[in-house]
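For the record, the sequence lines run as chains F and P. Residue numbers for the first sequence, in numbering that gives the first Met the number 0: 0 to 284. Residue numbers for the second sequence, in numbering that gives the first Met the number 0: 0 to 391. Using N, Cα and C, we set each Cβ at its ideal position, and we do this for glycine too. Beneath this line is the structure, given in structure tokens, with notes to follow.
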Amino acid sequence: MLTILFDGIAYGMLLFILACGLTVTLGLMNFINLAHGAFAMAGGYITVIMMNRYGISFYWCLPAAFLVAAVIGLVLERTLYQWLYQAPHLDQVLFSIGIVFMAVAGTDYFMGGQQQLINLPPELSGRMEVMGVGVGRYRLFTIVLCALLAIALQLILSKTRFGSRLRAAVDDRRVAMGLGINVPVVFALTFAFGSGLAGLGGAMGAEILGLDPNFPLKFMIYFLIVVSVGGTSTVSGPFLAALLLGIADVAGKYYVPAIGPFVIYGLMIVMLIVRPNGLFARGGR
Amino acid sequence: MLKRRTLLAAAGVALGALAAVPAAAQETVKVGLILPMTGPFASTGRQVSAGAKTFLEMKGDTVAGKKIELIIRDDAGVADQTRRIAQELVVNEGVKLLAGGGLTPLAMAVAPVATQAKVPMIVTSAGTASITKASPFITRTSGTLPQYSLPVGTWAAENGIKKVVTLVSDYGPGIDAEKWFSKEFKGKGGEIIEAVRVPLANPDFAPFLQRVRDAKPDAVFVFLPSGAGALFMKQFADRGLPEAGVKLIATGDVTDDDILNSMGKPALGTITGHFYATAHDSPENKAYVEAFTKANDNMRPNFMSVGGYDSMALIYAALEKTNGDVSGPAFMEAVKGMSWTSPRGPVSIDPETRDIIQNIYMREVKELDGELHNVEFATFKDLKDPEKAEAN
Numbered sequence: 000m001l002t003i004l005f006d007g008i009a010y011g012m013l014l015f016i017l018a019c020g021l022t023v024t025l026g027l028m029n030f031i032n033l034a035h036g037a038f039a040m041a042g043g044y045i046t047v048i049m050m051n052r053y054g055i056s057f058y059w060c061l062p063a064a065f066l067v068a069a070v071i072g073l074v075l076e077r078t079l080y081q082w083l084y085q086a087p088h089l090d091q092v093l094f095s096i097g098i099v100f101m102a103v104a105g106t107d108y109f110m111g112g113q114q115q116l117i118n119l120p121p122e123l124s125g126r127m128e129v130m131g132v133g134v135g136r137y138r139l140f141t142i143v144l145c146a147l148l149a150i151a152l153q154l155i156l157s158k159t160r161f162g163s164r165l166r167a168a169v170d171d172r173r174v175a176m177g178l179g180i181n182v183p184v185v186f187a188l189t190f191a192f193g194s195g196l197a198g199l200g201g202a203m204g205a206e207i208l209g210l211d212p213n214f215p216l217k218f219m220i221y222f223l224i225v226v227s228v229g230g231t232s233t234v235s236g237p238f239l240a241a242l243l244l245g246i247a248d249v250a251g252k253y254y255v256p257a258i259g260p261f262v263i264y265g266l267m268i269v270m271l272i273v274r275p276n277g278l279f280a281r282g283g284r
Numbered sequence: 000m001l002k003r004r005t006l007l008a009a010a011g012v013a014l015g016a017l018a019a020v021p022a023a024a025q026e027t028v029k030v031g032l033i034l035p036m037t038g039p040f041a042s043t044g045r046q047v048s049a050g051a052k053t054f055l056e057m058k059g060d061t062v063a064g065k066k067i068e069l070i071i072r073d074d075a076g077v078a079d080q081t082r083r084i085a086q087e088l089v090v091n092e093g094v095k096l097l098a099g100g101g102l103t104p105l106a107m108a109v110a111p112v113a114t115q116a117k118v119p120m121i122v123t124s125a126g127t128a129s130i131t132k133a134s135p136f137i138t139r140t141s142g143t144l145p146q147y148s149l150p151v152g153t154w155a156a157e158n159g160i161k162k163v164v165t166l167v168s169d170y171g172p173g174i175d176a177e178k179w180f181s182k183e184f185k186g187k188g189g190e191i192i193e194a195v196r197v198p199l200a201n202p203d204f205a206p207f208l209q210r211v212r213d214a215k216p217d218a219v220f221v222f223l224p225s226g227a228g229a230l231f232m233k234q235f236a237d238r239g240l241p242e243a244g245v246k247l248i249a250t251g252d253v254t255d256d257d258i259l260n261s262m263g264k265p266a267l268g269t270i271t272g273h274f275y276a277t278a279h280d281s282p283e284n285k286a287y288v289e290a291f292t293k294a295n296d297n298m299r300p301n302f303m304s305v306g307g308y309d310s311m312a313l314i315y316a317a318l319e320k321t322n323g324d325v326s327g328p329a330f331m332e333a334v335k336g337m338s339w340t341s342p343r344g345p346v347s348i349d350p351e352t353r354d355i356i357q358n359i360y361m362r363e364v365k366e367l368d369g370e371l372h373n374v375e376f377a378t379f380k381d382l383k384d385p386e387k388a389e390a391n
């Protein structure tokens, strides 16, 4: 029972790291970026290449995955995305899904279509007993790291100058610019940061979720569920939503395996009926 | 005068040669190989096409006075594409033989084309038993899931395993595997305490593995497509099931030779049943593996590749028998009862069902020269597909 809860939390945390970048672009910058998973995949493949081809330690791969995905995000934002901020949402959807297909085909061409596997350092593999509960070491690592990231993210957005600038830029772009805030730079950095988080999530998820060229398509639904249930105006909303979905998914598959895969969708429907604007929606948006 | 006539004659011969040589002296037989070369099942396409090409490289491209031309097309794993490409190849390209069928639906999609055009279709990969029933022009060089799930059940029952949980992907082949393993295992006195079906698109195995663990079986029988199988293997070890005394027995798809090496230590000791292992010990296989790895940048040939290789072997053997006649009925007549020595061991085509009869080997994952391999330790000889054998 507790093991299931633990697995669910680990899975939810992973979903959160993967999806929270999308919360930022979708909620704060009001841009529908379906290509979010492509950045996650980039992070995953960076890890695979670094570990399997060059034998670099897993711990170094995580920041590298973050940085590379962030740089890719920054470059794409400056060259492509920024022209579409004012475009209608349908254009954004078409544009970003196009990027997904290009990423899928490109990865398939360069890396092959097979499942990529990494071998974790020994101290992270296996499991241990904590007060009678079987706990996977890697899942514990995931939970701790993701929880720290979630706290840091919340603090950055609510307490720092950069956070308030970002929120100002989102609320009223013109006034923010009039106050001397360099909105394009703020947006670019935010976008890069969100992409970097996705890359980190992809790197961490390679062990649990697997990694192949169809990653962005496979997980797009999960990201969107997290963001739509959690709402896009806060960090804590998607965080709780991801945890809830992770636990529901794992528990559903454990207790009622016959309908397990549907539990997560059922939950989404209920949540959207009860709270159509997300768990912690700010009124009137 | 004479000179001019000679010239004319020479020109005539030359023209004739251009137009007619393929028809007279050395006719070209086009073989259409339709495979998923891109998309999620690209590794299947890569292996099968490499296997088929290896055969042509080793044995030359002429047989019974015909030149074999391989036309490889990509269907990206989408059944309607497969159908369209098959039609196009038969109608426009004049293809006389079809091969491929990376997945069950893809093979099924070609069946009506094969029947209507009377073009033989050789299934190189798909493993659902019923495929060969879809058209009288279909034969197979891979294997069927019942064929290699059943012996795993026999082996388990005879080797002290009493209680088993089955865990399969929830689609055609998975259900085939579950059915035939369970039937054999129960028939021999074993007990299935739980049957778990995992959705095909499943990111995390945690809940299913926990269920297996809590059921406390002696072993878990697994069928999953090869990529998902690798992921499963790692999570199986991570959850401490080996320490909890749960053995892992599976069909060979899970320990696919192509990616076995990258699974690492957790795979060691896994018992699987299948028709081909790269480490199979025979002179035919040594020659095959050497030619294959040399031509493919050290990629390891897996069971998919040998299906591709044998599709060509079957075409060659049948054309020799028909003396180069590629018309559908004659070719299929030649195929029935055909036997040859494949890299996997002796194989033949069942004259009644047109499906393959072959040895199924029980293997254990071991380290050989620093690499992980499926090492064979027991053989079930000349097995037919049990599903069709039962129906007869």
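8 Å Cβ cutoff met for residue i and residue j
i                     : j                     : result
residue 127 (chain P) : residue 149 (chain P) : no
residue 98 (chain P)  : residue 121 (chain P) : yes
residue 424 (chain P) : residue 356 (chain P) : Only positions 0 to 391 of chain P appear in this structure, which leaves residue 424 (chain P) out of reach.
residue 198 (chain F) : residue 18 (chain F)  : no
residue 392 (chain P) : residue 276 (chain P) : Residue 392 (chain P) lies beyond the range of chain P shown here (0 to 391); nothing can be said about it.
residue 119 (chain P) : residue 336 (chain P) : no
residue 209 (chain F) : residue 42 (chain F)  : no
residue 142 (chain P) : residue 101 (chain P) : no
residue 103 (chain F) : residue 212 (chain F) : yes
residue 266 (chain F) : residue 244 (chain F) : yes
residue 269 (chain F) : residue 251 (chain F) : no
Selected residue, minimal CA-CA separation from residue i, among the options
i                     : options                       : result
residue 422 (chain P) : P:159, P:300 and P:323        : Here chain P has residues from 0 to 391 only, and residue 422 (chain P) is not among them.
residue 35 (chain F)  : F:72, F:46 and F:56           : F:72
residue 296 (chain P) : P:105, P:119 and P:257        : P:257
residue 40 (chain F)  : F:196, F:253 and F:272        : F:196
residue 228 (chain P) : P:255, P:179, P:210 and P:195 : P:255
residue 60 (chain F)  : F:4, F:222, F:49 and F:265    : F:49
residue 173 (chain P) : P:147, P:188, P:154 and P:156 : P:147
residue 286 (chain P) : P:246, P:249, P:343 and P:311 : P:343
residue 247 (chain F) : F:207, F:238, F:181 and F:264 : F:264
residue 220 (chain F) : P:119, P:200 and P:282        : P:200
residue 3 (chain F)   : P:246, P:291, P:193 and P:204 : P:204
residue 353 (chain P) : P:133, P:96, P:377 and P:104  : P:133
residue 136 (chain P) : P:369, P:384 and P:351        : P:351
Test: residue i CB closer than 8 Å to a CB of chain P
i                     : result
residue 126 (chain F) : yes
residue 208 (chain F) : yes
residue 249 (chain F) : yes
residue 256 (chain F) : yes
residue 4 (chain F)   : no
residue 237 (chain F) : no
residue 181 (chain F) : no
residue 260 (chain F) : yes
residue 213 (chain F) : yes
residue 253 (chain F) : yes
Cutoff 8 Å: residue i Cβ touching any chain F Cβ
i                     : result
residue 21 (chain P)  : Low confidence applies here, because residue 21 (chain P) scores a pLDDT of 44, under 50, leaving its location unreliable; read the following figure in that light. Not one chain F Cβ lies under 8 Å of residue 21 (chain P).
residue 78 (chain P)  : no
residue 72 (chain P)  : no
residue 372 (chain P) : no
residue 291 (chain P) : no
residue 146 (chain P) : no
Under 8 Å, CB to CB, which of the residues in the region 239-258 of chain P have a partner in chain F? 239, 257 and 258
Examine the Cβ distances between the region 135-149 of chain F and the region 8-15 of chain F and report whether three or more of them are shorter than 8 Å. yes
At least 3 beta-carbon pairs within less than 8 Å: the region 174-183 of chain P vs the region 230-247 of chain P: no
Can at least three beta-carbon pairs, one atom from the region 226-241 of chain F and one from the region 50-57 of chain F, be found at a separation below 8 Å? no
Hey, is the region 102-113 of chain P in contact with the region 363-371 of chain P, meaning 3+ C-beta pairs nearer than 8 Å? no
Using Cβ-Cβ distances below 8 Å, what residues of the region 23-38 of chain P are close to chain F? 37 and 38
Interface residues of the region 68-89 of chain F facing chain P [CB-CB below 7 Å]: none
Counting Cβ pairs closer than 8 Å, one from the region 261-279 of chain P and one from the region 83-95 of chain P, do we hit at least three? no
Mind listing which residues of the region 197-209 of chain P have their C-beta closer than 7 Å to chain F's C-betas, in chain order? 198, 200, 202, 203, 205, 206, 207 and 209
Residues of the region 128-147 of chain F in Cβ contact with chain P at a cutoff of 9 Å, in chain order, please. 133, 135, 136, 137 and 138
Check each residue of the region 105-120 of chain F: if its Cβ is closer than 9 Å to any Cβ of chain P, include it; give the result in chain order. 107, 108, 111, 112, 113, 114, 115, 116, 117, 118 and 119
Within the chosen definition, does the region 59-76 of chain P reach the region 26-46 of chain P through at least 3 CB pairs nearer than 8 Å? yes
According to a CB-to-CB cut-off of less than 7 Å, which residues of the region 150-175 of chain F neighbour chain P? none
Going along the region 217-230 of chain P in order, which residues come within less than 8 Å of chain F, judged by CB to CB distance? 225, 226, 227, 229 and 230
Using Cβ-Cβ distances below 7 Å, what residues of the region 261-279 of chain P are close to chain F? 261, 262 and 263
Taking a cut of 8 Å between CB atoms, which residues from the region 32-61 of chain F lie near chain P? 51
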